[in-house]
Amino acid sequence: MYKLQILFFVRLLLLLAFTMTVVGCSSKSGSENKHVSNDNAKEEKPQKGGEAVLGYSTDISNYDPIKSSSGGDQSLLWPVYDTLVTFNQKLEPQPGLAKSWEFTDEKTVVFHLQENVKFHDGTTFDAEAVKFNIERVNSDNSNVSELKNIESVEVVDPLTVKFHLMQPDTSLILVLSDYAGMMVSPTAVKENGDNYSQHPVGAGPYKFVSRVPNGEIVLAAFEDYWQEGKPYLDKMTIKIIADENTRINALKSGEIDLAFNINAANLSNLENDPKIVVKKILGMKRPQLYLNRNIEPFNNKSFRLAVQHGINREALVKSINFGDGEPAYGDFPSGHWAHDNEAKIEYNPKKAKKLLQESGLKNPSFTLLHYSSAYESRLAEAIKGQLKEIGIEVNLQSMELTAAVSTFFAEKGTPAFLASATGKPDPQMLTNSQYSKNSYYNLGGGSQEIDSLLSEAVLNDDLKERAKVYHEIGRQALLEEARVIPLLFPSAIDATSPKLKGYEQNMMAKGVFSTIWLEK
């Protein structure tokens, strides 16, 4: 019997014991301010009932998990869709709709499913439903690519399903806690066809009631939810409030109970408010420049490296993020087991100017697309100013989030895009999305060597050995080729009213709202 899964979890738990829930720098640390929480407070018994109103920064791109195109969608999908696997704050895998699993050999994994689980429309969740979902994820209509290694899905019995893999893949377990593992009702998909996203049906704690695009999403407790005693709320309303100051004011006035995605500029003000609880964790979300390496000027490696070394990341942390967070020199922040302590991108204007000369480009300039939010606008202006000092003119173009994503990744005519690479449960998911030759987010193709490293990274269950491979991928893709330009890792900052309890942050910097309850 192959022992890969047992070894994987033993080593995972040992190594992640050293992974701290890192709190970024601020004027006051969590231990100094009683209104700042890092979820280490004494556990309280959840209370049932009530409605929580959450202020979220962006609308969902699609309520069909396989059609999602925005990194901010997971928090809005998880309440509706339970996943085969879940995770804790340190991104350690936990049982979900699959209560257990084991690798029977290096290319076969068996999942044992929870009993008596129903979708919101009454459809039974079973092994046939899992097979339907996995095959749907791998269909031509899906934006999700992380399960392509699954060769076939075998229904063993109603509560047992077996995945046959083309090659060993230690990332698969945590992959199933993300979009790929969100189980949709086969009945609802068949009945609604192309309109399924307007009538989403999952097996999560909350069922979909209504949505007003860019307005609000209303969810109601699923009375037949399989986890006894959950969910805690009767109703959850998510208001889409793009402007951060508006979210904060809504929290202070009592209009909402949680303000998601707060920038460091407002941290001190919130920490000093006795009626607000601040939650903060250094996560994997990383503002960066996505580059279209198929078009000028970023098809020129010397130009890309000039931009890479012409940006002062330490200055961005201090000026744009008020000292909160850390410069980004690689794919993973400090505290993550795949973080590379040796990686460093030198800020060197002299070197940048020399590389610019080597590029052969005369009067170099490019258009930088960015979201129209205040934070991205300030960051874009700072980058424009820094690059102007080395002789590069940057023309800024702001757009609403979904339009910007479509313009850059679908239309593929804009040279650069300032956006965030958001956290993923397993490192393979992030590195694949950034550097794989077949990735939707990689405009410029891959290399045989990096693709080989991506394949190698999931052959080993030893996290130290896996980390070494990710370090090499980062050195080649970022330090040597500048496929993307990483900027910084800000803390994930959210603010709640004191009565809202049970809100979980994690290193993905994506909120899990399913556990929220209200203190009466």
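For the sequence shown, the working numbering begins at 30 and goes up steadily by one.
Ideal Cβ positions, reconstructed from N, Cα and C, are used throughout, including at glycine.
The C-beta separation of S427 from S406 comes to about 6 Å, placing the pair in contact by the 8 Å criterion. Proximity to L176 across S468, G244, E548 and I246 peaks at S468, based on C-alpha coordinates.
Below 8 Å, too few C-beta pairs join the segment 389 to 402 and the segment 340 to 356 to call them touching: fewer than three.
Per DSSP, T431 is one residue of the alpha helix (DSSP H) stretching across L430 to V434. By the Cβ-count criterion, Q386 is exposed, with fewer than 16 other Cβ atoms from all chains shown falling within 10 Å of its own Cβ.
Of the candidates A403, P229 and D207, the residue whose Cα lies closest to the Cα of E273 is A403. Under the three-state reduction of DSSP output, M195 falls in the coil class, being neither helix nor strand. Straight-line measurement puts the Cα of Q415 at about 10 Å from the Cα of L345. In this structure S526 does not touch L296 by the C-beta definition: roughly 17 Å separates them, more than the 8 Å allowed.
Beta-bridge annotation (DSSP): V213 is not paired with any residue. Boundaries of the alpha helix (DSSP H) around E410: A403 to K417. Distances from the alpha-carbon of G312 to those of N377, G283, E355 and N323 put E355 closest. Taking I291 as the centre and dropping the five residues before and after it, the same chain places the C-beta of I522 and A524 closer than 6 Å to its C-beta, in chain order. Our two residues, N298 and P519, have alpha carbons roughly 17 Å apart in a direct line. Judged by their CB atoms, T216 and F154 are not nearer to each other than the 9 Å cut-off. No Cβ-Cβ contact shorter than 9 Å links D198 with N172.
Of the residues Q118, A367, G125 and V109, the one whose Cα lies closest to the Cα of E494 is A367. Taking the Cβ atoms as the reference, M265 lies roughly 26 Å from P122, outside the contact range of under 8 Å. Non-local beta-carbon contacts of K96 in its own chain, meaning distances under 7 Å to residues more than five positions away in sequence, involve N172 and S226 in chain order.
Take the alpha-carbon of F437 and the one of V185: they are about 44 Å apart. C-alpha of D360 to C-alpha of K549: approximately 42 Å in a straight line.
Rounded to the nearest angstrom, the gap between the Cα atoms of T87 and D134 is 42 Å.
Beta-bridge partners of Q317 (DSSP): A448 and P515. DSSP places E135 outside both helix and strand once states are collapsed to three, so it counts as coil.
DSSP places Y464 within a helical segment (H, G or I) once states are collapsed to three.
Taking one beta carbon from each stretch, the segment 311 to 328 and the segment 481 to 492 have fewer than 3 pairs nearer than 8 Å; the two do not touch.
P108 carries a coil assignment under DSSP once its states are collapsed to helix, strand and coil.
In the three-state scheme derived from DSSP, where H, G and I count as helix and E and B as strand, F437 is classed as helix. Of the candidates S181, E144 and R276, S181 places its Cα closest to the Cα of Q196.
Here the alpha carbon of E183 sits roughly 40 Å from the alpha carbon of A432. A buried status is given to Q103, since no fewer than 16 other beta-carbon atoms sit within 10 Å of its beta-carbon.
For K453, same chain residues with a beta-carbon under 6 Å away, outside a window of 5 residues either side, are L459 in chain order. Minimum Cα-Cα distance from I89 among the listed residues S98, L83 and A81 corresponds to S98. The bridge partners DSSP lists for L287 are L83 and T525. With contacts defined by Cβ atoms closer than 9 Å, L547 and Q256 do not form a contacting pair.
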